[in-house]
Amino acid sequence: MKKIHKFHYMLTVVFLLFVGLSFYFDWELGKEAGKTFGDNILDFIKILPCTFILIGLFETWVKRETVEKHLGEEAGWKSYLWVCLLGGMTIGPMLTALPVATTLYKKGAALSVILTYLGASAVCRIPMTIFEVSCLGVQFTLVRYLTALPLIVISSLVLSKYLKNKIVLNDKE
């Protein structure tokens with residue numbers, strides 16, 4: 633086993649030991665950490681199978697040519713609009729956006745478009761937007777969107793150019 637894997641294994645054991653001892657010795661901090669961890673795992677288990685089913689359907693039903701046409705290297709500025717809308721509709725934790733991004737890559741989407749999707753899915757989610765509008769107002773939300781989205785697109789373009797020169801991505805299947 634590599635050193636990093638041993639470290640992760642030990643860290644997991646230490647966390648579980650801490651939570652177990654917290655319930656035994658009635659330490660509120662550890663009990664709360666254990667309950668939060670358990671709740672997050674259960675939420676993740678509820679959402680992830682649905683995500684994988686939808687991704688499987690996407691891989692089966694949507695042709696590679698369609699993705700390349702709308703999200704590929706030659707798609708233009710509309711591809712960024714599409715992935716911002718897709719990112720806004722992503723449901724669940726940020727980890728659910730990663731398999732979608734992988735599928736988009738395999739289907740021929742440009743790297744900058746995929747990076748924009750990941751950024752947009754972190755910033756533009758519909759439930760978060762509704763909460764933000766109700767608490768902070770429409771003006772704040774509009775300013776945040778008008779600031780964040782162009783920066784996400786610009787940083788995605790710069791990062792994709794940098795990464796194309798530095799790394800070799802696996803062949804698309």
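Mapping of the sequence shown onto this note's numbering: residues 633 to 805, in sequence order. Built from N, CA and C at the ideal position, the CB exists for glycine as well.
Using a Cβ distance threshold of 8 Å, E697 and T735 do not count as a contacting pair.
Under the three-state reduction of DSSP output, G769 falls in the coil class, being neither helix nor strand. DSSP, read as helix, strand or coil, puts G724 in coil. When DSSP states are grouped into helix, strand and coil, R696 belongs to the helix group. In this structure V715 is buried. Its beta-carbon is surrounded by 16 or more other beta-carbon atoms within 10 angstroms. In summary, L774 is exposed, with fewer than 16 beta-carbon neighbours lying within 10 Å of its beta-carbon over all protein chains present. With fewer than 16 other Cβ atoms from the protein chains shown falling within 10 Å of its own Cβ, K796 counts as exposed.
Per DSSP, A752 is one residue of the alpha helix (DSSP H) stretching across L743 to V755. Inclusion of P731 and I687 in the CB contact set at 8 Å is warranted, their separation being smaller than that value.
Between L703 and A729, the CB-CB gap reaches or exceeds 8 Å. Around the CB of I746, 16 or more other CB atoms lie within 10 Å, so the residue is classed as buried. For a cut-off of 8 Å, the C-beta gap from K638 to V694 is around 41 Å, too long to register as a contact. Boundaries of the alpha helix (DSSP H) harbouring K738: A729 to K738, taken from the DSSP string. For the pair G751 and G719, the Cα-to-Cα distance works out to about 8 Å.
Cβ-Cβ distances below 8 Å link L781 to C716, A752, V755 and C756 in the same chain, with the five nearest sequence neighbours on each side left out; the list follows chain order.
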